[in-house]
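Numbering (our numbering), first residue to last: 703 to 1104. We put the beta carbon where it would ideally sit given N, CA and C, even for glycine.
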């Protein structure tokens, strides 16, 4: 495939010679646009099916299914001193960790940057390109089987469009952020993104199993042991964990704590042949959870919803109105400024139900929200309508003498 791409060719890379050219182009480029296409509904981890990179030399569509040795590619992409530009970058960063064993030194996510300079968040890639450049690109290929070969010209064009404007968008967004005095906001959010991906890779995520509310530490210890067994089994079989053992059934086993295979198979849903083969392993996991010493049980308070008094939700809703108004005033996406959970955490802190200073009091969010939120809860500010026909009809004012 070869067609214009911001003044350069677009090359489909499916042999060592073209891969070598792509790696050299990346090596020459301190900033590289990066995107991927993958399928993830049938395997333990998403299966990488196509890699798109944009460099000063052009666009390269790299086929990871063509038996290429991509080690040099991944090392070049994540080399110290190189910045990756990726739209909605989290999964691309996960692929870097998986295949390069490291994250890039720097990342620029135009979706995040756009939300910080007044474009809304999260914008789809199609809407982002249209708003920033006035260009229409092909819509989603959500139903494309990216693992099927050969890819047709429409699929390749769509893949190239995903990275075609990344480098130019980066500079435009940096210029806009600089004019608004928000370059440090971008740095803060991109650093937080890298930290979040690194943390997610290192932590066990059993505590995110739906339905943990109001469970005691012993049940949680059994659930953790079951989750670890399920994760190990899923990795070995290259299956999504829920295909090995569903969340609801895993939770029910943790609650009941069956100590024998016979008791385990008395539970409804355990009649699948694959589960019957694993009966002894599942019971062993239950026993492992039951054997955890009392002082080492998971901390319940960190895992479940707070038993909040009713005013926490009510005041959180009030603060959400104020937050949306301040977001419009400061031309930043309200969804990035504060979540419902963060606002409720702030209320708990002000009511003395939590001692840790909430994140909304720090960084660029604290600059916008900190004092207004505190003063609203202290009764020193009020919100009123100044123009019902305005996109931002509310005004936050101080009481006289407040």
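7 Å Cβ shell around residue i - same chain, five flanking residues per side excluded
| i | result |
| --- | --- |
| residue 706 | Any reading at residue 706 needs caution, since the residue's pLDDT is 35, under 50, leaving its predicted position unreliable; the model's value is listed next. Contacts found: none. |
| residue 1094 | 1027, 1030 and 1031 |
| residue 791 | 809, 811 and 895 |
| residue 720 | 713 |
| residue 888 | 815, 818 and 879 |
| residue 884 | 818 and 819 |
| residue 851 | 767 |
| residue 1025 | 1036, 1039, 1040, 1045 and 1071 |
Length of the line joining the Cα atoms of residue i and residue j
| i | j | result |
| --- | --- | --- |
| residue 1072 | residue 1064 | 8 Å |
| residue 1138 | residue 837 | What is shown of the chain runs 703 to 1104, which leaves residue 1138 out entirely. |
| residue 1033 | residue 1016 | 26 Å |
| residue 912 | residue 1048 | 24 Å |
| residue 966 | residue 1014 | 41 Å |
| residue 1018 | residue 1098 | 16 Å |
| residue 1040 | residue 1070 | 11 Å |
| residue 1005 | residue 1061 | Unreliable positioning characterises residue 1005 in this predicted model, as indicated by a pLDDT of 49, which lies under 50. The coordinate reading is nonetheless provided below. Roughly 19 Å between the two C-alpha positions. |
| residue 726 | residue 861 | 21 Å |
| residue 729 | residue 981 | 52 Å |
| residue 756 | residue 1081 | 53 Å |
| residue 1140 | residue 893 | Given a span of 703 to 1104 for the chain in the structure shown, any question on residue 1140 remains unanswerable. |
| residue 906 | residue 748 | 18 Å |
| residue 901 | residue 931 | 21 Å |
| residue 1003 | residue 1057 | Its pLDDT being 49, under 50, residue 1003 is placed unreliably in this model, and the value from its coordinates should be taken loosely. Distance between the alpha carbons of residue 1003 and residue 1057: 14 Å. |
| residue 948 | residue 795 | 28 Å |
| residue 708 | residue 869 | Residue placement at residue 708 is flagged as unreliable, the pLDDT there being 45, under the threshold of 50; the coordinate-derived value follows with that caveat. Distance between the alpha carbons of residue 708 and residue 869: 10 Å. |
| residue 820 | residue 863 | 23 Å |
| residue 915 | residue 1010 | 13 Å |
| residue 858 | residue 871 | 21 Å |
| residue 975 | residue 853 | 38 Å |
| residue 1001 | residue 917 | 11 Å |
| residue 960 | residue 919 | 17 Å |
| residue 703 | residue 856 | Unreliable positioning characterises residue 703 in this predicted model, as indicated by a pLDDT of 39, which lies under 50. The coordinate reading is nonetheless provided below. Residue 703 and residue 856: Cα-Cα distance of roughly 11 Å. |
| residue 1035 | residue 877 | 18 Å |
| residue 867 | residue 759 | 14 Å |
| residue 1102 | residue 833 | 42 Å |
| residue 875 | residue 806 | 20 Å |
| residue 973 | residue 722 | 52 Å |
| residue 944 | residue 1092 | 48 Å |
| residue 882 | residue 939 | 51 Å |
| residue 1075 | residue 886 | 22 Å |
| residue 1046 | residue 964 | 45 Å |
| residue 897 | residue 933 | 23 Å |
| residue 743 | residue 910 | 19 Å |
C-beta contact flag for residue i and residue j at 8 Å
| i | j | result |
| --- | --- | --- |
| residue 953 | residue 999 | no |
| residue 823 | residue 1037 | yes |
| residue 713 | residue 779 | no |
| residue 849 | residue 741 | yes |
| residue 839 | residue 846 | no |
| residue 962 | residue 985 | yes |
| residue 736 | residue 816 | no |
| residue 1052 | residue 1079 | yes |
| residue 1055 | residue 903 | no |
| residue 751 | residue 772 | no |
| residue 785 | residue 718 | no |
| residue 797 | residue 738 | yes |
| residue 802 | residue 770 | no |
| residue 1023 | residue 988 | no |
| residue 830 | residue 813 | yes |
| residue 971 | residue 941 | no |
Nearest-angstrom beta carbon gap, residue j and residue i [assumed within contact, 8 Å]
| i | j | result |
| --- | --- | --- |
| residue 764 | residue 715 | 4 Å |
| residue 957 | residue 921 | 6 Å |
| residue 754 | residue 865 | 5 Å |
| residue 937 | residue 746 | 5 Å |
Contacting residues, own chain, Cβ-Cβ under 6 Å from residue i (five flanking each side not counted)
| i | result |
| --- | --- |
| residue 804 | 780 |
| residue 929 | 908 |
| residue 991 | 923, 924 and 927 |
| residue 1077 | 1083 |
| residue 935 | 946 |
| residue 969 | none |
Cutoff 8 Å; reference residue i; Cβ partners in own chain excluding five residues on either side
| i | result |
| --- | --- |
| residue 1089 | 1095 |
| residue 890 | 1065 and 1066 |
| residue 1086 | 1096, 1097 and 1099 |
Contact test: residue i Cβ vs the ligand SAM heavy atom, cutoff 7 Å
| i | result |
| --- | --- |
| residue 1060 | Among the ligands in the structure shown, none appear at all, so the ligand SAM cannot be discussed. |
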